[in-house]
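Okay, so here's the structure we're looking at.
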Amino acid sequence: FSDITKTESVIPPVALTKEQIDIRQAQEKEVKKQRIEKQIHDVGDIMRKVNGFLFLTCVCGLKLKVPPNFKHSTVKCPKCSNTLTLPQKK
867 FSDITKTESV IPPVALTKEQ IDIRQAQEKE VKKQRIEKQI HDVGDIMRKV NGFLFLTCVC
927 GLKLKVPPNF KHSTVKCPKC SNTLTLPQKK
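Going by the numbering used here, the sequence shown opens with residue 867, and the numbers climb by one from there.
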């Protein structure tokens, strides 16, 4: 090791100091905020579904929400440019 790296130890000298380093606190507030945002997003999706929106999932993983008054038979994914065909209305 020392022949290749020209150092005596794998551990850097800074790591061997006796300086106290505090451990970062858990991010509980951030997790709660993300959970609330997801709930709001899910409620919005439910409302769109009730109002006749069509949900399509692209091969890239993006979930497209197509309004009920959309007139075209295909839609282009804004993320990967893949063309998705809308199912025929009954």
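Backbone N, C-alpha and C define an ideal beta-carbon position, used for all residues, glycine too. None of the values given here were measured: they were computed from a predicted structure.
task = Compute the beta-carbon to beta-carbon distance between Thr940 and Leu930, rounded to the nearest angstrom, for a pair I have assumed lies under 8 Å.
result = Not really, about 11 Å apart at Cβ, beyond 8 Å.
inquiry  = In this structure, how does DSSP classify Val897 when only helix, strand and coil are distinguished?
reply    = In the three-state DSSP reduction, Val897 falls in the helix class (H, G or I).
ask   = Are the beta-carbon atoms belonging to Leu928 and Lys915 less than 7 Å from one another?
value = no
request  = Please name the residue or residues paired with Val941 in a DSSP beta bridge.
outcome  = Leu950
message = Between Asn933 and Phe919, how many whole angstroms is the CB-CB distance? I'm expecting something under 8 Å.
response = Checking the displayed sequence, the identity of residue 933 turns out to be Pro instead of Asn. Contact flag correct, Cβ pair sits at about 6 Å.
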